[in-house]
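S.K.: I'd like to ask you about the structure that follows.
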Amino acid sequence: MTNSPHPKSIPISTAWPEVPWVEVPLAELGPVGDNGYGQAIDPVGDCDFLPPCAIFSMDDGIAFLLGMLEGAGGFIGSWVVKELLLRGYAVRGTARDPSSQKNSHLQKLEGAKERLCLNYADVMDYDSLSVAFNGCEGVFHVASPVSVDPRLVPVAVEGTKNVINAAADMGVRRVVFTSTFGAVHMDPNRSHDTVVDESCWSNLEFCKQKDWYCYAKTVAEMVAAEQASKRGIQLVVVLPAMTLGQMLQSTINPSIRHIADFLNGSRKTHRNAVAGYVDARDVARAHALVYEDPKAHGRYLCIASVLHRSELIQMIRELFPQYPITCNKCEDSKQMVQPFKFSNQRLRDLGLTFTPIKESLYNTLICLREKGHLPPYSSL
1 MTNSPHPKSI PISTAWPEVP WVEVPLAELG PVGDNGYGQA IDPVGDCDFL
51 PPCAIFSMDD GIAFLLGMLE GAGGFIGSWV VKELLLRGYA VRGTARDPSS
101 QKNSHLQKLE GAKERLCLNY ADVMDYDSLS VAFNGCEGVF HVASPVSVDP
151 RLVPVAVEGT KNVINAAADM GVRRVVFTST FGAVHMDPNR SHDTVVDESC
201 WSNLEFCKQK DWYCYAKTVA EMVAAEQASK RGIQLVVVLP AMTLGQMLQS
251 TINPSIRHIA DFLNGSRKTH RNAVAGYVDA RDVARAHALV YEDPKAHGRY
301 LCIASVLHRS ELIQMIRELF PQYPITCNKC EDSKQMVQPF KFSNQRLRDL
351 GLTFTPIKES LYNTLICLRE KGHLPPYSSL
């Protein structure tokens, strides 16, 4: 039996602010905003709201490290499962319907036949989480509904609270929580010269006006930190930007649909805005790195590049000139928004090397074509 690499003496991060508002009375909810100020990015994460997947590492057939990962079947979750399998972990994935065809891609991953199983659990069902977490040392909470529907805010927040409390009750030591860059950058009062890093937080009032997804993820992260501190859980947070790259799942997720829309003729204009981007493989590696490093704590900004929409479209045009891109005009005539400054040094210090955005975009486009989300060249 090998000792856990996560000693209980690791300090809980105190970098999170107090939770200012968690309850969301539906009768008081205002209209959903357009997420439209200059530096806004689109939501990042998984399409599906899928609960957990337990992981444990194998040494000569003996399980010596137990853990749990939620959201195994979505875009980021699938890549985290793949990364964990490649690192020798055995993965017990969970979903509300483990037998669903939309999770079948997980069984095709290298090592899945020997070290992957799927079980039922739901983040709103505390008892199912307790059963899933029983005997685990670590939990990866990747699942979250990607939607601007304000009614999903309580689901994201209460689901996260259930995960932390169930993990604590089952003796889990470390939780890796997938937040979003949207919990960092949504602040209209921040100076353009400010370097966006882990110390930055989105303005909740602004999020309520512009993007309920970013609001939900920001509050859920605060709740996770608050509960983890109370329950003695080691919490580590990964904050991915707009995630690109090959899809392992068959269904298209929001961050990839954002790219497809530039090629399928559905968009005639583009926003005068910039966005942060990162490769899905790097996001998965980031999750593994912060889990395995006993010194890892607090927040980790996972972003490789920042591009204006026009730069992104031009890059697509250069990579695939065969596709007629109809999105050639900015939707306003204002001065072009400039990319913001950011720091991803904390993840670099853990050994993560970020994939060039052009490579990520190329893999995204190839995957979209291979999975039938774009027409083949011959039909153009």
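Here full-length UniProt numbering is used: the first residue of the sequence shown is 1, the next is one more, and so on.
C-beta atoms are modelled at their ideal positions from N, C-alpha and C, and glycine is treated no differently.
What you are looking at is a predicted structure, and each value in this text was computed from that prediction instead of being measured.
1. Between which two residues does the alpha helix (DSSP H) harbouring Leu85 extend?
2. Could you work out which residue in Leu85, Val142, Phe75 and Pro375 is closest to Asp261 when comparing CA atoms only?
3. Figure out for me which residue from Lys108, Pro240, Ala167 and Glu198 has the closest Cα to the Cα of Ser343.
4. By the 10 Å Cβ neighbour count, where 16 or more other Cβ atoms means buried, how is Gly372 classified, buried or exposed?
5. The beta strand (DSSP E) with Asp332 in it runs from where to where?
6. Specify, as a first and last residue, the run of the alpha helix (DSSP H) that Val155 falls within.
7. Can you name, in chain order, every residue of its own chain whose Cβ lies under 8 Å from the Cβ of Cys200, other than the five neighbours on each side?
8. Taking DSSP as the reference, what is the three-state secondary structure of Arg299?
9. Since Ser305 is in the alpha helix (DSSP H), which residue starts that stretch and which ends it?
10. Do Val148 and Val219 have their C-beta atoms closer together than 8 Å?
11. Residues in the same chain with beta-carbon distance under 6 Å from Gln345, minus the five sequence neighbours each way, listed in chain order, please.
12. Helix, strand or coil for Tyr362 per DSSP?
13. Please report how far the alpha carbon of Met124 lies from the alpha carbon of Arg151, in whole angstroms.
14. If we count the other Cβ atoms within 10 Å of its Cβ and call it buried at 16 or more, is Ser333 buried or exposed?
15. Going by DSSP, name the residue or residues bridged to residue 398.
16. Grab me the residues of Ser305's own chain with a C-beta within less than 6 Å of its C-beta, minus the 5 sequence neighbours each way, in chain order.
17. Could you tell me which residues DSSP pairs with Val237 in its beta bridges?
18. Per DSSP, Thr243 is paired with what?
19. I want to know whether the segment 164-174 touches the segment 106-118 - three or more CB-CB distances under 8 Å.
20. Find the nearest neighbour of Leu307 within the set Leu301, Ile316, Tyr300 and Arg299, judged by alpha-carbon distance.
21. Lys210 to Lys341, Cα distance in whole Å?
22. Note the first and the last residue of the continuous alpha helix (DSSP H) segment covering Thr219.
23. Which partner residues does Lys341 have in the DSSP bridge list?
24. Compute the Euclidean distance between the alpha carbons of Cys330 and Lys161, then round it to the nearest angstrom.
25. In the DSSP assignment, what are the bridge partners of His270?
26. With distance defined between alpha-carbon atoms, name the residue in Val153, Arg281, Asp293 and His258 nearest to Leu204.
27. Are the CB atoms of Thr178 and Ala132 within a distance shorter than 8 Å?
28. Alpha carbon to alpha carbon, how far is Gly74 from Asp48? Give it in angstroms, no decimals.
29. Quick one: measure Cβ to Cβ for Val283 and Val238, integer angstroms, because I've assumed they're closer than 8 Å.
30. Taking C-beta to C-beta, are Ala168 and Gly232 nearer than 8 Å?
M.R.: According to the structure data:
1. Against the sequence shown, residue 85 aligns to sequence position 85. Phe75 to Leu86 is the extent of the alpha helix (DSSP H) around Leu85.
2. One-based indexing of the sequence shown puts residue 261 at position 261. Looking at the Cα atoms, Pro375 is the closest of the given residues.
3. In the sequence shown, counting from the first residue as 1, residue 343 sits at position 343. Considering only Lys108, Pro240, Ala167 and Glu198, the residue with the shortest C-alpha distance to Ser343 is Glu198.
4. Reading the sequence shown from its first residue, position 372 is the one you call residue 372. Exposed: under 16 other Cβ atoms inside 10 Å.
5. Position 332 of the sequence shown, counting from 1, holds the residue named residue 332. It is not in any beta strand (DSSP E) - Asp332 carries neither H nor E in the DSSP assignment.
6. In the sequence shown, residue 155 corresponds to position 155, counting from 1. Element bounds for Val155: Val153 to Asp169.
7. On the sequence shown, residue 200 is found 200 positions in, with the first residue counted as 1. Excluding positions up to five away in sequence, the list reads Val184, His185, Asp187, Arg190 and Thr194.
8. Residue 299 sits at position 299 when you count from the first residue of the sequence shown. Arg299 falls in the strand class under three-state DSSP.
9. If you number the sequence shown from 1, residue 305 lands on position 305. Unbroken run through Ser305 is the beta strand (DSSP E), Ser305 to His308; no alpha helix (DSSP H).
10. Indexing the sequence shown from 1 puts residue 148 at position 148. Indexing the sequence shown from 1 puts residue 219 at position 219. Not in contact: Val148 and Val219 (Cβ atoms no closer than 8 Å).
11. For the purposes of this step, residue 345 is identified with residue 345 of the sequence shown, where counting begins at 1. Here the set comprises nothing.
12. One-based indexing of the sequence shown puts residue 362 at position 362. In this structure, Tyr362 counts as helix in the three-state DSSP scheme.
13. If you number the sequence shown from 1, residue 124 lands on position 124. If you number the sequence shown from 1, residue 151 lands on position 151. In this structure, the alpha-carbon of Met124 lies about 14 Å from that of Arg151.
14. Taking the sequence shown and counting its residues from 1, the one referred to as residue 333 is at position 333. Exposed, because fewer than 16 other Cβ atoms sit within 10 Å of the Cβ of Ser333.
15. What is shown of the chain runs 1 to 380, which leaves residue 398 out entirely.
16. Translated into positions along the sequence shown, residue 305 becomes position 305. Counting only Cβ-Cβ distances below 6 Å, and skipping sequence neighbours, we find Tyr277 and Ile357.
17. Numbered from its first residue, the sequence shown carries residue 237 at position 237. Val237 pairs with Phe177 and Arg299.
18. Position 243 of the sequence shown, counted from the start, is the residue given in the question as residue 243. Paired residue(s): Val278.
19. no
20. For the purposes of this step, residue 307 is taken as residue 307 along the sequence shown, with counting starting at 1. Answer by Cα proximity: Ile316.
21. In the sequence shown, the residue the question calls residue 210 occupies position 210. In the sequence shown, the residue the question calls residue 341 occupies position 341. The alpha-carbon atoms of Lys210 and Lys341 are separated by roughly 22 Å.
22. Looking up residue 219 in the sequence shown gives position 219. Looking at the sequence provided, one finds Val at residue 219 rather than Thr. From DSSP, the alpha helix (DSSP H) with Val219 extends over Trp212 to Arg231.
23. What you label residue 341 is simply residue 341 of the sequence shown in a count that begins at 1. Val195.
24. Locating residue 330 in the sequence shown gives position 330, where the first residue counts as 1. Locating residue 161 in the sequence shown gives position 161, where the first residue counts as 1. Taking the straight line from one Cα to the other gives about 41 Å.
25. Translated into positions along the sequence shown, residue 270 becomes position 270. Looking at the DSSP assignment, His270 forms a beta bridge with Cys330.
26. Position 204 of the sequence shown, counted from the first residue, corresponds to residue 204. Of the candidates Val153, Arg281, Asp293 and His258, the one whose C-alpha sits nearest the C-alpha of Leu204 is Val153.
27. As a working mapping, residue 132 is identified with position 132 in the sequence shown. As a working mapping, residue 178 is identified with position 178 in the sequence shown. Going by C-beta atoms, Ala132 is not nearer than 8 Å to Thr178.
28. Counting from one through the sequence shown, the residue named residue 48 turns up at place 48. Counting from one through the sequence shown, the residue named residue 74 turns up at place 74. Because the pLDDT of Asp48 is 30, which lies under 50, any placement of that residue in the model is unreliable, and the number read from its coordinates should be weighed accordingly. If you draw a straight line from the Cα of Asp48 to the Cα of Gly74, it is about 6 Å long.
29. Here residue 283 refers to the residue found at position 283 of the sequence shown. Here residue 238 refers to the residue found at position 238 of the sequence shown. The Cβ separation is near 7 Å, so the contact holds.
30. The residue given as residue 168 occupies position 168 in the sequence shown. The residue given as residue 232 occupies position 232 in the sequence shown. Yes; because the gap between Cβ atoms is below 8 Å, this pair is in contact.
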